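*Asks:* Counting in my numbering, the sequence shown runs from 15 upward without gaps. Glycine included, C-beta positions come from ideal geometry on N, C-alpha and C. Please read all numbers here as calculations on a predicted model, not as lab measurements.
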Amino acid sequence: MNKMADSNPETEDMQFVFADDGVNDAFDELLLEREMLSPELLRSAFEPTLVRASAGTGKTYQLTARLLKILLTGAPPESVLATTFTRKAAGEILTRVLVTLGTAADPENADALEGLRQQVGLPGLPRHVCGDLFHRLLRNIHRLRICTLDSLFSQLARALPFELELPPGWRLTDEVEEVWLRQLAVGNMIDVLESSEIESLISMLGRGDVKRNIARELIQVVETTYEMSRQGGVEAWDSIQVPTRPESKLVTSTAGAFRMVEIKQKSLRELLEKMADHLDARDFGPLVEQTLLKNIHKSRITKEEVKFGRSKFPPELDSNFDVLYQAVQCESLSLLRSQNQATGSVAVYYEGAINDVKQSQRSFAFDDIAVRLARVFRDLDAATIQNRLDSKIDHLLLDEFQDTAPVQWQVLKVLAQSVVSGGGDGAGAEGGSLVRTIDPRRSQSFFCVGDTKQAIYGWRGGVAEIFDAVDRQVDGIISRSQDQSFRSSRVVLDAVTVAFQNLTKHPLAEPPEIDDPSEKSVYEAEALQDFAKKFPAHTAAKNLPGFVRFVTGPLVPPKVDPENPKAKPVKPTAKEITAALMDATAEQIQALNQAAPELTIGVLTRTNATVAMLIDRLESLGVDVSAEGGNPLTDSVPVRWVMSALMMVEHPGDGRWRFHIAHSPLADHLPLAESDPVDAAANQLRTMIEDRGLAETVMFLTESLRPACDSRDSVRLHQLVELTTLYRHTARSRLRDFVDLVNVKRVQRPRAAAVRVMTVHQSKGLEFDAVFLPEIHKELIGQPPQCVADLPDLGQPPVGMSRSVSEKQWHYLPTRWQRTFGGNVKSRVTEALCLLYVAMTRARQGLYIVTPPSTKRDFANKNAASLLFHAWAGASDEADIDPTSGNTVLYESGDPSWWDNLDRGEDAGADSSGGESADSDDVTPRRAIRFRPVGETPLRNAVSV
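1) If you drop the 5 nearest sequence neighbours on each side, which residues of the same chain put their C-beta closer than 7 Å to that of residue 25?
2) Drop a sphere of 10 angstroms on the beta-carbon of residue 327, count the other beta-carbons inside from all chains shown, and report buried for 16 or more, exposed for fewer.
3) Is the separation between the beta-carbon of residue 965 and that of residue 212 shorter than 8 Å?
4) Between which residues of its own chain and residue 640 is the CB-CB distance below 6 Å, once the five residues before and five after are set aside?
5) From this set, 657, 475, 273 and 874, which residue's C-alpha is nearest residue 708's C-alpha?
6) With DSSP as the reference, label residue 16 as helix, strand or coil.
7) When you compare each of 115, 109, 467 and 900 to residue 968 by their alpha carbons, which one comes out closest?
8) Could you check how far apart the C-beta atoms of residue 167 and residue 380 are, in whole angstroms? I think they sit under 8 Å.
9) Could you check which residue in 131, 279 and 602 has the C-alpha nearest to that of residue 324?
10) For residue 326, which of helix, strand or coil comes out of DSSP?
11) Excluding the five sequence neighbours on either side, which residues of its own chain have a C-beta within less than 8 Å of the C-beta of residue 785, listed in chain order?
12) With DSSP as the reference, label residue 802 as helix, strand or coil.
13) Using beta-carbon positions only, say whether residue 486 and residue 65 come within less than 8 Å of one another.
14) Quick check on the burial criterion: 16 or more other C-beta atoms within 10 angstroms. Buried or exposed for residue 14?
15) Quick check: residue 68 and residue 406, are their CB atoms within less than 8 Å of each other?
16) Here's a check: name, in chain order, each residue in its chain whose Cβ is nearer than 8 Å to the Cβ of residue 551, leaving out the five neighbours to either side.
17) Name the DSSP bridge partner or partners of residue 961?
18) Give, in chain order, every unbroken run of the beta strand (DSSP E) that is at least 3 residues long and sits entirely within the stretch 559-606.
19) On the DSSP letters alone, give me the boundaries of the alpha helix (DSSP H) that residue 549 sits inside.
20) Quick check: residue 960 and residue 741, are their CB atoms within less than 8 Å of each other?
21) Among the candidates 185, 809 and 255, whose CA atom is the shortest distance from the CA of residue 373?
22) Grab the span of the beta strand (DSSP E) containing residue 816 for me, first residue to last.
23) Just the Cα atoms here: how many angstroms apart are residue 565 and residue 500?
24) Any idea if residue 886 is buried or exposed, counting beta-carbon neighbours within 10 angstroms, 16 or more meaning buried?
25) Run through DSSP, which three-state label would residue 310 get?
26) Out of 879, 895 and 151, which has the shortest C-alpha to C-alpha gap to residue 871?
27) Got a sec, what are the start and stop residues for the beta strand (DSSP E) residue 277 sits in?
28) Is residue 753 closer than 8 Å to residue 660 when the C-beta atoms are compared?
29) Does DSSP put residue 902 in a helix, a strand or coil?
30) Counting only runs that start and end within the stretch 124-212, where is the alpha helix (DSSP H) found for 4 or more residues in a row?
31) Which of the three DSSP states is assigned to residue 665 in this structure?
32) Can you name, in chain order, every residue of its own chain whose Cβ lies under 6 Å from the Cβ of residue 761, other than the five neighbours on each side?
33) In the DSSP assignment, the alpha helix (DSSP H) including residue 716 goes from what residue to what residue?
34) With DSSP collapsed to three states, give me the class of residue 381.
35) Could you tell me whether the Cβ atoms of residue 138 and residue 427 are closer together than 8 Å?
36) With a threshold of 7 Å on Cβ separation, who are the neighbours of residue 121 within its own chain once the five nearest residues in sequence on each side are excluded?
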């Protein structure tokens, strides 16, 4: 584990003395002797610190150590706030604190005490102090705040209801209710706006194309742009200036010049004739993505003649090309500006409509609370905010900080700056050194830990650059790095290091010859170069065997038409190639599972569709497999029958639902025969819902289906009943709302199998003995976002917003916006690299990567498989490898039978020296924690029980 990377020289000679303010509280009794509170301990406990922790290096361990140091110095539990992103992570932090203290207090567990001493840097830490702090925390567990950011923001909102303009009795929504509220708000918008206004907005949003379904178009705009733009205001959407259109006579003369010029090449004459026709018709729209316009832009940068292919135009046309370019640029930017203005207007109308709906319903999403808090925190000082809380926050600890969104940082920054600015009670010079007067019971501190290489949540607002912004926006912060992994073997870590430090071997990393900010390739190359340059060498703390293999899947041959054997064979489709790859991957997983059933195997994919595909194949091979995070209950056919029965009640005139359940076992329990009235079954179920409730009706349907189900479907039916009992079915809600909830709500199997299939995002924080990556052949980045924000200061709202445009039109944009769009590409490429890094570092010892054979020998595709191929091939001495052949090893390192001599006892449980144990739920403590008997607990009225 690396030491401090950057130190503050002002703290090197700092001395700490105690101040006694005469104020006593319940925690004024110091746990440690004052002699043990050395300057080194106090510095490590209270110095504002940022830790850059690579995967498996012990982020939770470091945060827990910092929290224990703070508590051991006597800080009251209510003065500490530790935040993370999931409830599971928050529970793990609290569990580690209590288990660490409890086991260290056990007189029969000397190793645990020694481990705690090393963790907090106190070689002489007495055992009784661990027990005292353990029992103190248990008695005041409600005062120790270890929570998610969403939970913290809910607490802040309840402390500031008037400032946030929240109605009495407000509550948080779920995803299904949020969709319903959005639809209601859009419907209200349509009712309020005049038809001419709606027609104009829809036309501008579609760049002149009018959509048939107005509500669907508005909902799509709201879903894709509102969350990003809600802080910017309508003026942010009008930040692109449109140049003046050329005078009409210039346009006409330019068309004439194009027709009269004498050029030998027929292709150039035809192209100029086409340009002249569009100029005469003043029809510039079809020209905005013409290659000739891009070439005109390039020629102005390189100071060379305008080219089309290899042919050059005569220099006398240069002024005419300028007129053509200016006319088309004006057309492109005019359409974009109109679309932006329309989007800004829709955002403003929707803001009012959704606020009215949510205020009347008293229902708000987490994002609504965060945005309101950010707006209020810009005007409130830290002292006022602290005074409104139940207790003052003196110690702020932030986990997984790389996933923080700008709006969240706008709130947290105020708290962070408040605990840093008031870190001591005074300072002065004494004997040439800086003397800081401090009482550790009333000190303040800031600590955040994260890893920008694991920033994979940009799609939900996370911005990794915020992690770097902390260095600039929090005074006196110390930055540390740790790159020694307590999770993975040296073989895996070496492969990871070589792969990412050699990203520049890929052709995509080569910068273009022309430094043009409108070129997408400039930003793709920058992303690869920066990631490789900053990537640290990873080392292993454990001596574990390991194995890495990168292979191509089976080669799917072209298909010959049996009716026409002489015809050219048809190339396999992408679907057929994927199917063959998944079959091969499933067989490899089955073979490893049979060879070593005790191993945990993680199969990580890019999409949920691939998760379902692999689970189906593995189950058909007899492999015990489960999905992390679960799937919607509708992955079970009996559950879909129940949903069809409820939809039949909702829409009795729609015969699809009745037809579906009439051919199911429900036909034996409901009037669904051809002789029965069409609405008889729907009426029977509707009466049952009205008389006995939705939960009992669903229970009747599931019990009717259970005899025809296997064990898996029976479990899913049982989970459906549980979900129904938790659902609040009111007079205003519809059955379709519950059906929508079942369709989207992910429910996990009660028991995790040895083989677990999930997306890479779901694997964050987990680890497996072996990891399979079967989907790294997909495009590195997908479709661009619907809108892009100009966000120069992450602590402030965006100063500009724009709808996305094709990269073929970037050269028309002002330079500022070219860099804004390019910066978005760079961020998305970086996030794709982070996704690959997270996937590879989930493996403890076995890493298996499978990709379809390349279609070209150079394998210069824009995907992760191509990046790995060039990185590993460029760093090895292997002979030339053909990536176009099937079932070919592209890279291999380590022992193929690494599990044979594996000592499972060495790796069990949480690592006491700093490693993260992702599967901590499965770890069984060696000894039960023995609680010290406590005396009577006084009540507020002084009566004991």
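*Replies:* Reading it off the structure:
1) To locate residue 25, count along the sequence shown from 1; it is residue 11. Interpretation of residue 25 is limited by its pLDDT of 42, a score under 50 that renders its predicted location unreliable; the figure taken from the coordinates is listed afterwards. Within the same chain, residue 25 has close Cβ partners 57 and 61.
2) On the sequence shown, residue 327 is found 313 positions in, with the first residue counted as 1. Residue 327 should be labelled buried.
3) Lying before the first or after the last residue shown, residue 965 is absent from the chain, which here runs from 15 to 959.
4) Indexing the sequence shown from 1 puts residue 640 at position 626. Counting only Cβ-Cβ distances below 6 Å, and skipping sequence neighbours, we find 763, 766, 767 and 770.
5) For the purposes of this step, residue 708 is taken as the residue at position 694 of the sequence shown. Nearest C-alpha to residue 708: 657.
6) By 1-based counting over the sequence shown, the position of residue 16 is 2. Note on residue 16: pLDDT 38, under 50, position unreliable in the model; the coordinate value appears next. It is coil, neither helix nor strand.
7) Any property of residue 968 remains undetermined from this structure, which presents the chain solely from 15 to 959.
8) Translated into the one-based positions of the sequence shown, residue 167 becomes position 153. Translated into the one-based positions of the sequence shown, residue 380 becomes position 366. 7 Å between Cβ atoms; contact.
9) One-based indexing of the sequence shown puts residue 324 at position 310. Cα-wise, what sits closest to residue 324 is 279.
10) For this step, residue 326 is matched to residue 312 along the sequence shown. In this structure, residue 326 counts as strand in the three-state DSSP scheme.
11) Sequence index remark: in the sequence shown, residue 785 carries index 771 (1-based). Taken in chain order, the residues that qualify are 615, 616, 617, 618, 853, 854, 856, 857, 860, 861 and 862.
12) Translated into the one-based positions of the sequence shown, residue 802 becomes position 788. Residue 802 falls in the strand class under three-state DSSP.
13) Taking the sequence shown and counting its residues from 1, the one referred to as residue 486 is at position 472. Taking the sequence shown and counting its residues from 1, the one referred to as residue 65 is at position 51. In this structure, residue 65 does not lie closer than 8 Å to residue 486 by Cβ.
14) No answer is possible for residue 14: the residues shown for the chain start at 15 and end at 959.
15) Indexing the sequence shown from 1 puts residue 68 at position 54. Indexing the sequence shown from 1 puts residue 406 at position 392. No, the Cβ-Cβ distance between residue 68 and residue 406 is not below 8 Å.
16) Along the sequence shown, read from residue 1 onward, the residue named residue 551 stands at position 537. These residues qualify, in order along the chain: 497, 511 and 515.
17) No statement about residue 961 is possible, as the shown extent of the chain runs from 15 to 959 and does not include it.
18) 561-566
19) Counting from one through the sequence shown, the residue named residue 549 turns up at place 535. Element bounds for residue 549: n/a, residue is neither H nor E.
20) Nothing about residue 960 can be read from this structure; the chain reaches only from 15 to 959.
21) Walking along the sequence shown from the start, residue 373 turns up at place 359. Residue 373 has its Cα closest to that of 185, out of 185, 809 and 255.
22) One-based indexing of the sequence shown puts residue 816 at position 802. Residues 814-817.
23) For the purposes of this step, residue 565 is taken as residue 551 along the sequence shown, with counting starting at 1. For the purposes of this step, residue 500 is taken as residue 486 along the sequence shown, with counting starting at 1. Near 27 Å, if we compare the C-alpha coordinates of residue 500 and residue 565.
24) To locate residue 886, count along the sequence shown from 1; it is residue 872. Buried, by the Cβ-count rule.
25) What you label residue 310 is simply residue 296 of the sequence shown in a count that begins at 1. Helix, per DSSP.
26) Numbered from 1 along the sequence shown, position 857 holds the residue referred to as residue 871. Ranking the options by Cα distance to residue 871, first place goes to 895.
27) What you label residue 277 is simply residue 263 of the sequence shown in a count that begins at 1. Neither: residue 277 is in no beta strand (DSSP E) and is coded neither H nor E.
28) Taking the first residue of the sequence shown as 1, we reach residue 660 at position 646. Taking the first residue of the sequence shown as 1, we reach residue 753 at position 739. Yes, the pair counts as a contact, with Cβ atoms nearer than the cut-off.
29) Mapped onto the sequence shown, residue 902 falls at position 888. Residue 902: coil per DSSP, three-state reduction.
30) 124-134, 141-153, 163-173 and 189-206
31) For this step, residue 665 is matched to residue 651 along the sequence shown. In this structure, residue 665 counts as coil in the three-state DSSP scheme.
32) The residue you call residue 761 lines up with position 747 of the sequence shown. Correct list, in chain order: 644, 647 and 733.
33) On the sequence shown, residue 716 is found 702 positions in, with the first residue counted as 1. Taken as a continuous stretch (DSSP letters only), the alpha helix (DSSP H) holding residue 716 covers 708-719.
34) To locate residue 381, count along the sequence shown from 1; it is residue 367. Note: residue 381 maps to helix in three-state DSSP.
35) Your numbering for residue 138 matches position 124 in the sequence shown. Your numbering for residue 427 matches position 413 in the sequence shown. No.
36) Residue mapping note: residue 121 aligns to position 107 of the sequence shown, counting from 1. Taken in chain order, the residues that qualify are 141.
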